[in-house]
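A.B. asks:
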Amino acid sequence: CMEAVMLNAQGAVAEATGDNIFAVRGNTLRTPPVNEGLLEGITRDAVMRLAREEGYDVREERLSRYDLYTADEVFLTGTAAEVIGVVNIDRRTIGEGTPGPMTCRLVEKYRAYANANGYPVCG
Numbered sequence: 205c206m207e208a209v210m211l212n213a214q215g216a217v218a219e220a221t222g223d224n225i226f227a228v229r230g231n232t233l234r235t236p237p238v239n240e241g242l243l244e245g246i247t248r249d250a251v252m253r254l255a256r257e258e259g260y261d262v263r264e265e266r267l268s269r270y271d272l273y274t275a276d277e278v279f280l281t282g283t284a285a286e287v288i289g290v291v292n293i294d295r296r297t298i299g300e301g302t303p304g305p306m307t308c309r310l311v312e313k314y315r316a317y318a319n320a321n322g323y324p325v326c327g
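Under our numbering, the first residue of the sequence shown carries the number 205, and numbering increases by one thereafter.
#1: If we ignore side chains and look at the alpha-carbon of each, how far apart do residue 272 and residue 293 end up?
#2: Under 8 Å by Cβ, that's how I've got residue 279 and residue 307 pegged, so tell me the actual separation to the nearest angstrom.
#3: Could you tell me whether the stretch 216-228 touches the stretch 276-291, where touching means 3 or more Cβ pairs closer than 8 Å?
#4: Spell out the partners DSSP gives residue 229 in its beta bridges.
#5: Taking all protein chains shown into account, do 16 or more other C-beta atoms lie within 10 angstroms of the C-beta of residue 314, making it buried, or fewer, making it exposed?
#6: Considering only the alpha carbon of each residue, which of 302, 304 and 251 lies closest to residue 316?
#7: Do residue 310 and residue 291 have their C-beta atoms within less than 8 Å of each other?
#8: Tell whether a beta-carbon distance below 8 Å holds between residue 240 and residue 220.
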């Protein structure tokens, strides 16, 4: 699947064309804050809450392309995508080149949440 990373006017990462973006480094999950020019996705909000429940350090902070290139993991969230791992950006392999352990755990948690509660319809 091909997707584009959208940058804001200052050159910082905002989101993908139809999904929110997250970068993982160690036990820390980072995503751009809403004031960076992205839409506040309901799936994004649900995944951030689930990640906190799992004990991950979740931060909303500015991301650069370099942050994505050097992340252990990158994933996207969206209504259609749910949670999907990113394995390369600009032909640069992310992490081991496969969805990482935090991504896989959050896929599992999100699907369990959606199966038990239905898909989120508002933040």
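All C-beta atoms, glycine included, are put in the ideal place defined by N, C-alpha and C.
C.D. replies: Here's the rundown:
#1: 8 Å
#2: 5 Å
#3: yes
#4: 232
#5: buried
#6: 251
#7: no
#8: no
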